[in-house]
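Data first, discussion second: the structure below is written as structure tokens.
Protein chains in written order, with the numbering used here: chain L, 1 to 651; chain E, 1001 to 1247.
Structural data, given as structure tokens:
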């Protein structure tokens, strides 16, 4: 009995223990994960620009993975066009870890909250909503990226910019994250400390026209680092002691003097331009990097005497004025016109009416014939019945292979258009890339537009009744940027990507008394056809420009003079000549739809320009190679090149 | 067992395959569908449909028309109206017993109905494929739509035969009951039981905005069940007739 009592006691204890274990609340995944974030630059952002969002995720629980998403809401309830653009990246969180993730988002409205959330499959683990209203600005930024900088330097920066101090860890990881930045001030040691992706983004931004002001201070160790040498090949000759810098008076209107001596770093930079020097010691050095500029200051602008200098504001104004502005694209074709033109050449069509009608007619004739035949009783009935069956099966097969199957293949298609504006060797070429996706079925797609992250936005066609795009996510991963989206049946989605690139066309134009000689080197992977040159208010066709070759073309000026000055009739003649060469190809349809506007724009903008010519050419290929995962849709690509070339006059 | 429906053109067969009337009715049906297709052929280019997010409803229109025509022909065949009509009814008011009534239903009538309904639908097939290609309907929804047409035709055929077995071919009441049933099945169910409405399922297949597996399965289940009930009823009525006649 005692034994059984003990047994009963053990069982009760065990049950109580199990109940106690069950009663202990297990921490949920969300309780072990926390988010910290920074939006824009020190929580400031400029509307309608690409803005960095840096998120730090701390995981104190078991290791996990998921997707970090930033949901940017735009549009208005009144217009019923509120939509969410989703920017996402994959997240791997080992236990007890803290990681940073950077996204670059386009914020068009401060009215709606920004949502930052972590998802695992379809479950939201943690979500934060951020009101954007207090943080937006309409000015561009002057960024000082330094952890140890006194904030009063910001008050000396030019007023027309929005000065802000940013911790380097919150700098963007994409070049277009600097979209709103006009001026970036950062010392060499900070550049050295950037994360790899941040550094690559910085270098890319400067290459595309960014403006960086840097210095080394007293510690010039960072200058010998590969990172710095890549963007600024610098040779350090040592420190020099100075009491004054008189040359700054010439530079910015105030000379810098000090009772105490101060140190400047004597350096030489390859292919640079010294803007101010004192006794052969360079003070302000400017170096081009790609299409952007880096200004190196040999003194420490964060320390006296510079910090107590009354010319500080003038100095920064002058520095800002040195930034070379990159002109806007030369030709601004209306996006809606481009979309209309792309629609007109959508790579899918209904079965041809005439062919369909003929098919039906022939089928009815055969059907009637054999139906009459099989009515007659006798031995022939079975044979004719078999014939009828064969006829029906044959027509069904024909209908399937000729109408159904080709239509099935065009359920998901795309076409793309790249407008490239080239203006000179030292100026980046502007590229506007538009891709249209068309689906006759509900389709899920994963689209990559290249290995690097690009600023991709959607565009809505005005002919479409929908006010918001089909849902899509801009997803960042180690494999690159992807657009993940869903297309409803019988719908479209257009995406646009603006980029700057090195000029793929190099050339010169020489004019003598009789001829205009154009030398062209085309580095594009495709040739340019239907090339038109605009010179002295006239358009004239020239030879096709071959791919990857140097070519010399000679235009007789007397021929040019015989051509009528550009007018509506000339425009019609040019368009007729362009479209007469082909029928309904993508190239011809786009030419038919876009040429007139292009010609008018060129004529209106350059008719008073006598020392340059304008070239319009068409390439049947694309600089962007769209890649679809899991699907291989049929597509068409086309590039329009606009090139302005100065004309040198020789005797 | 002899397959009289393949050889006999007389009044003894309810709806012989090779009778002039049946074949003419089928041909006229195909012609109507072909004309409908030509009339419904999209006049706008495909790009405009995509741009305006409009779905061409050619598939729905053609399949709905085929559904109505094919089901009606089958109903008439089931009732035996296509062979004995007009002049014959007046001249020979006495109804003759048919092979379908005298032979066991499972081994004669059912096989004839299944085959005949298939053959009739086959005549429409090339045009149906063409209509599906215009609306960009995929192969599986196309097969689903064809099976809807077939099952609807079979249901009408079975119901028509039941009407024939109960009231005979000359009954006015039977005539109206058969048509009322068809109208109720094709149109009335839209108001009373939308999940049973074949037009609704065809419309969803044309739209194909998502998975219509469930409505389709529900429809097929209910129609199959109704066909099975009618097969059972027809079998019972044929047996009763055979017992009465001592066959």
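No residue lacks a Cβ here, since even glycine has one placed at the ideal position from N, Cα and C.
Going along chain E in order, which residues have a C-beta closer than 9 Å to the C-beta of residue i?
{"i": "residue 348(L)", "result": "1046, 1047, 1050 and 1136"}
From the DSSP output, in three-state form, read off residue i for me.
{"i": "residue 86(L)", "result": "strand"}
{"i": "residue 1137(E)", "result": "coil"}
{"i": "residue 308(L)", "result": "helix"}
{"i": "residue 216(L)", "result": "coil"}
{"i": "residue 479(L)", "result": "coil"}
{"i": "residue 553(L)", "result": "strand"}
{"i": "residue 119(L)", "result": "strand"}
{"i": "residue 95(L)", "result": "coil"}
{"i": "residue 197(L)", "result": "helix"}
{"i": "residue 1169(E)", "result": "coil"}
{"i": "residue 261(L)", "result": "strand"}
{"i": "residue 1144(E)", "result": "helix"}
{"i": "residue 64(L)", "result": "strand"}
{"i": "residue 600(L)", "result": "helix"}
{"i": "residue 275(L)", "result": "strand"}
{"i": "residue 13(L)", "result": "helix"}
{"i": "residue 1232(E)", "result": "helix"}
{"i": "residue 204(L)", "result": "helix"}
{"i": "residue 25(L)", "result": "With a pLDDT of only 47 at residue 25(L), under 50, the local geometry of the prediction cannot be trusted, and no value is derived from it."}
{"i": "residue 1198(E)", "result": "helix"}
{"i": "residue 80(L)", "result": "coil"}
{"i": "residue 1083(E)", "result": "coil"}
{"i": "residue 437(L)", "result": "strand"}
{"i": "residue 645(L)", "result": "strand"}
{"i": "residue 1246(E)", "result": "coil"}
{"i": "residue 1102(E)", "result": "helix"}
{"i": "residue 1116(E)", "result": "helix"}
{"i": "residue 1227(E)", "result": "helix"}
With which residues is residue i paired in a DSSP beta bridge?
{"i": "residue 499(L)", "result": "431(L)"}
{"i": "residue 51(L)", "result": "105(L)"}
{"i": "residue 1009(E)", "result": "Its beta-bridge partners do not exist; DSSP assigns none."}
{"i": "residue 640(L)", "result": "419(L) and 618(L)"}
{"i": "residue 652(L)", "result": "With chain L covering 1 to 651 only, the question about residue 652(L) has no answer from this structure."}
{"i": "residue 37(L)", "result": "55(L)"}
What does residue i touch in chain E if you count any residue whose Cβ is under 7 Å from its own?
{"i": "residue 465(L)", "result": "1052 and 1053"}
What are the start and end residues of the alpha helix (DSSP H) that includes residue i?
{"i": "residue 288(L)", "result": "Unbroken run through residue 288(L) is the beta strand (DSSP E), 281–289; no alpha helix (DSSP H)."}
{"i": "residue 111(L)", "result": "It is not in any alpha helix (DSSP H) - residue 111(L) carries neither H nor E in the DSSP assignment."}
{"i": "residue 1072(E)", "result": "1058–1079"}
{"i": "residue 405(L)", "result": "405–409"}
{"i": "residue 1048(E)", "result": "1046–1051"}
{"i": "residue 381(L)", "result": "380–399"}
{"i": "residue 1193(E)", "result": "Counting along the chain, residue 1193(E) falls outside any alpha helix (DSSP H), and DSSP gives it neither H nor E."}
Would you kindly report the start and end of the unbroken beta strand (DSSP E) that includes residue i?
{"i": "residue 369(L)", "result": "First-last for residue 369(L): 353–375, but that is the alpha helix (DSSP H), not the beta strand (DSSP E)."}
{"i": "residue 178(L)", "result": "Here residue 178(L) belongs to no beta strand (DSSP E), and DSSP marks it neither H nor E."}
{"i": "residue 509(L)", "result": "505–511"}
{"i": "residue 458(L)", "result": "456–459"}
{"i": "residue 292(L)", "result": "292–297"}
{"i": "residue 515(L)", "result": "515–522"}
{"i": "residue 547(L)", "result": "Element bounds for residue 547(L): n/a, residue is neither H nor E."}
Mind listing the chain C neighbours of residue i? Cutoff is C-beta to C-beta under 7 Å, in chain order.
{"i": "residue 344(L)", "result": "Absent here is chain C; the protein component of the structure consists of chains L and E."}
Who are the neighbours of residue i on chain L, taking C-beta pairs under 7 Å?
{"i": "residue 1127(E)", "result": "360"}
{"i": "residue 1034(E)", "result": "360 and 364"}
{"i": "residue 1132(E)", "result": "404"}
Below 8 Å on the Cβ atoms is my guess for residue i versus residue j; work out the distance and round it to an integer in Å.
{"i": "residue 164(L)", "j": "residue 44(L)", "result": "6 Å"}
{"i": "residue 1159(E)", "j": "residue 1178(E)", "result": "7 Å"}
{"i": "residue 1127(E)", "j": "residue 1026(E)", "result": "With a Cβ gap of about 13 Å, residue 1127(E) and residue 1026(E) do not count as contacting."}
{"i": "residue 617(L)", "j": "residue 528(L)", "result": "3 Å"}
Interface residues of chain E around residue i at Cβ under 8 Å?
{"i": "residue 269(L)", "result": "By Cβ distance, chain E contributes nothing, its closest Cβ being about 55 Å from residue 269(L), past 8 Å."}
{"i": "residue 441(L)", "result": "1136, 1138 and 1208"}
{"i": "residue 491(L)", "result": "1050 and 1053"}
Quick one: which chain L residues come within Cβ less than 8 Å of residue i?
{"i": "residue 1123(E)", "result": "367 and 392"}
{"i": "residue 1020(E)", "result": "375"}
{"i": "residue 1204(E)", "result": "Simply none; closest approach about 12 Å."}
Given that residue i touches chain L, what residues does it touch there, using C-beta distances under 9 Å?
{"i": "residue 1059(E)", "result": "Going along chain L, no residue has its Cβ under 9 Å from residue 1059(E), so there is no contact; the nearest lies around 11 Å."}
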